[in-house]
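Peer 1: Dropping a structure here in structure tokens format, bear with me for questions.
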Amino acid sequence: MLSGEVVVITGVGPGLGAKLARRAAAEGASVVMAARSTEVMDQVAKEVAAAGGRAIGVPCDVRKPDEVARLVETAAAEFGPVTGLVNSAFGHPGFQDLLDTPEKAVRRSMDIILYGALAVTREVVGQMKTAGRGSIVNIGTMATRKPHRGEGAYAVAKAAMATATRYLAVELGEHGIRVNQAVMGWMDGPGVRMYLGMTAHQRGVSEQDVYNEIASANPLGRIPPDEACAGAVLFLLSKHSSEITGATLDVNGGEYMPA
């Protein structure tokens with residue numbers, strides 16, 4: 009699906025980011041992972057190499073221009089021009105009402121989610137133009153679709169990125185570069201498993217009870233596994249979606265169905 013592509017993935021942690029990196033490499037891409045911590049990236053790179061794929065991890069804080077420049081330079085030096093980008097780096101300011109969230113925390117989320125994504129995009133676009141093609145996928149959140157109290161600052165930053173997605177699609181289309189958004193809902197992975205355990209303990213019920221409560225809101229009757237959600241992103245990166253740009257793909261088991 010991604011043979012011959014060089015894909016940069018930001019915000020690689022133990023959940024969706026790691027799954028994306030592994031699956032992209034398995035589909036033939038040369039993968040460049042970015043995160044501030046190298047622990048997960050190092051493990052994924054070893055697993056990919058053992059399976060015969062190609063992946064490297066580059067320490068990078070997307071808020072720092074010099075580190076972003078080094079990330080993209082390293083990608084090109086190792087594998088050639090970048091042709092795919094997944095902007096999944098995020099910073100969550102904690103669960104508080106929007107006006108109660110410290111301004112510093114709100115700005116940090118904006119710096120990572122919006123400005124960080126724009127910074128990496130700005131760096132890779134030149135290489136995509138050289139290659140004559142490119143696909144950028146921004147990772148969105150259900151919190152912009154269905155407001156949940158306490159997620160305001162995080163959702164505001166993601167909503168800004170959603171608008172940027174459409175504008176970038178308009179502006180970059182003439183260069184053969186597509187820009188889309190994948191909006192994730194609940195994803196069954198490390199973060200949700202931690203939430204299930206914490207909530208079950210607080211309420212004096214089993215983790216399965218909490219899981220069933222969440223899953224019952226979806227027509228598919230389950231919390232989508234993060235590994236399966238990664239497949240939707242790979243589709244948007246690939247030539248199978250060659251005529252799709254400026255689109256939003258909801259990946260949430262049917263919990264939200266846009267008109």
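Per the working numbering, the sequence shown starts with residue 9, numbered consecutively.
Backbone N, C-alpha and C define an ideal beta-carbon position, used for all residues, glycine too.
Can you list, in chain order, the residues of its chain with a C-beta nearer than 8 Å to that of L28? Leave out the 5 residues immediately preceding and following it.
Peer 2: Excluding sequence neighbours, L28 sits near I17, V20, V94, S96, A238, V241 and L242.
Peer 1: Relative to the C-alpha of L24, which residue among T129, V213 and N146 is closest?
Peer 2: Residue N146 is the option with its Cα nearest to L24.
Peer 1: Considering only the beta carbon of each residue, do G92 and S11 sit closer than 7 Å?
Peer 2: Contact: no.
Peer 1: Cβ of G119 within 7 Å of Cβ of R71?
Peer 2: The residue asked about is misnamed: residue 119 is Asp in this sequence, not Gly. Cβ distance < 7 Å, so D119 and R71 count as in contact.
Peer 1: In the DSSP assignment, what residue or residues form a beta bridge with T18?
Peer 2: In the DSSP output, where bridge partners are listed per residue, T18 has A42.
Peer 1: Would you list the residues sitting across from M202 in a DSSP beta bridge?
Peer 2: Answer by DSSP bridge pairing: none, since M202 is not bridged.
Peer 1: Taking the beta carbon of Q51 as the centre, do at least 16 other beta carbons fall within 10 Å, making it buried, or is it exposed?
Peer 2: Exposed, by the Cβ-count rule.
Peer 1: Alpha carbon to alpha carbon, how far is E159 from R211? Give it in angstroms, no decimals.
Peer 2: Approximately 21 Å, taken between the alpha carbons.
Peer 1: Pick out the complete beta strand (DSSP E) segments inside the segment 27 to 76, 3 residues or longer, and give them in chain order.
Peer 2: Here the runs fully enclosed are 38 to 43 and 62 to 67.
Peer 1: Is the number of C-beta pairs between the segment 165 to 179 and the segment 219 to 233 that are closer than 8 Å three or more?
Peer 2: Judged by Cβ distances under 8 Å, the segment 165 to 179 makes no contact with the segment 219 to 233, as fewer than three pairs qualify.
Peer 1: DSSP state of T152, grouped into three classes?
Peer 2: Helix, per DSSP.
Peer 1: Within 10 angstroms of the Cβ of T171, are there 16 or more other Cβ atoms? Answer buried if so, exposed if not.
Peer 2: It is exposed - the Cβ of T171 has fewer than 16 other Cβ atoms within 10 Å.
Peer 1: Per DSSP, what kind of secondary structure is D105 in: helix, strand or coil?
Peer 2: It is coil, neither helix nor strand.
Peer 1: If you drop the 5 nearest sequence neighbours on each side, which residues of the same chain put their C-beta closer than 7 Å to that of G140?
Peer 2: Within the same chain, G140 has close Cβ partners G184.
Peer 1: Out of P266, S117 and I252, which has the shortest C-alpha to C-alpha gap to D258?
Peer 2: Minimum Cα distance to D258 is reached at P266.
Peer 1: Contact defined as beta carbons within less than 8 Å: I believe P227 pairs with G193. What is the distance between those atoms, to the nearest angstrom?
Peer 2: No, P227 and G193 are not in contact; Cβ-Cβ is about 12 Å, not under 8 Å.
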